[in-house]
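First up is the structure itself, then whatever we jot down about it.
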Ligand SMILES: [Zn+2]
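In our numbering, the protein residues as written are 1240 to 1493.
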């Protein structure tokens, strides 16, 4: 029994090690500072560091947008950075200096950090079905930018949004009823759409989603003097984005 067990264990161990190595190869790339799309041949996870205060200070709103665009390209190309999450968790315990605040829909098909190839301590993510703002989300954004130094607010809507469809259909159900009143101004703003204005028309749903992103950006500026002032001074940018469920691509509205 013992004689046959040991060689079998050795073969199993070699197979596991080999398959782990092949899984990490091809997912590697260099870090943000010199980001390219070309994979390297490293065989261990990239020791990416958590962003520091001085690194955050050196960022500009435009450089963060560029980092997001490059990260989204890696996501689309199935070339996400392999990260040592345990090391990042330990590093990040000392403090956080994130690059941006992303407001996303609740939708489970949008893994926000992955969509931009971001790691622990990299971005603040606020999520609510229909990506609108209320007092609590505005307070969170003010914390993210004014207190914690983030350079960008990205409001990200998406294709075929269920919350937008429900707002179009004027769904009444529990707390969803009140939630949808925050999205319905975008439906009202979309009445210039010439064709079928129902939730069954994908083009109309997408049109309302984009108007909802615009409304959210306007609401941020109208209801947060702190964020408007930071945007006016060029300390932050507040922009919209639109996520394609089919391709994973984010189109930025700048
Ligand atoms: Zn949605």
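For each residue, glycine too, the CB sits at the ideal point set by N, CA and C.
Everything numeric in this text was worked out from a predicted model, so none of it was measured.
Option in the options with minimal Cα separation from residue i
i            : options                   : result
residue 1287 : 1323, 1426, 1336 and 1465 : 1323
residue 1360 : 1457, 1372, 1350 and 1338 : 1338
residue 1476 : 1460, 1486, 1487 and 1490 : 1460
residue 1367 : 1311, 1428 and 1451       : 1451
residue 1480 : 1468, 1415 and 1448       : 1448
residue 1330 : 1442, 1417, 1388 and 1290 : 1290
residue 1419 : 1309, 1352 and 1400       : 1400
residue 1470 : 1454, 1381 and 1326       : 1381
residue 1441 : 1316, 1421, 1489 and 1483 : 1483
residue 1462 : 1435, 1377 and 1421       : 1377
residue 1493 : 1412, 1466, 1308 and 1294 : 1308
Nearest-angstrom beta carbon gap, residue j and residue i [assumed within contact, 8 Å]
i            : j            : result
residue 1299 : residue 1385 : Contact doesn't hold; Cβ gap of about 17 Å is too wide.
residue 1456 : residue 1397 : Not really, about 16 Å apart at Cβ, beyond 8 Å.
residue 1502 : residue 1356 : Absent from the structure is residue 1502, since the part of the chain shown begins at 1240 and ends at 1493.
residue 1344 : residue 1406 : About 12 Å separates the two Cβ atoms, so there is no contact after all.
residue 1236 : residue 1438 : Residue 1236 lies beyond the range of the chain shown here (1240 to 1493); nothing can be said about it.
residue 1341 : residue 1351 : 5 Å
residue 1373 : residue 1395 : Going by Cβ atoms, the distance from residue 1373 to residue 1395 rounds to 17 Å, so no, they are not a contact pair.
Start-to-end residues for the alpha helix (DSSP H) that takes in residue i
i            : result
residue 1412 : Careful: residue 1412 lies outside any alpha helix (DSSP H) and carries neither H nor E.
residue 1425 : 1423–1427
residue 1329 : 1324–1331
residue 1378 : 1374–1381
residue 1342 : Where residue 1342 is concerned, there is no enclosing alpha helix (DSSP H), although the beta strand (DSSP E) it sits in stretches over 1339–1343.
residue 1461 : 1441–1462
residue 1432 : No alpha helix (DSSP H) contains residue 1432, which DSSP labels as neither H nor E.
residue 1310 : 1300–1315
residue 1367 : No alpha helix (DSSP H) contains residue 1367, which DSSP labels as neither H nor E.
residue 1472 : Unbroken run through residue 1472: none, as it is neither H nor E.
Residue i - containing beta strand (DSSP E), residue span
i            : result
residue 1391 : 1391–1397
residue 1476 : 1476–1482
residue 1489 : 1489–1492
Residue-level contact to chain C via CB, residue i, 8 Å cutoff
i            : result
residue 1307 : Chain labels in this structure do not include chain C; a single protein chain is all it has.
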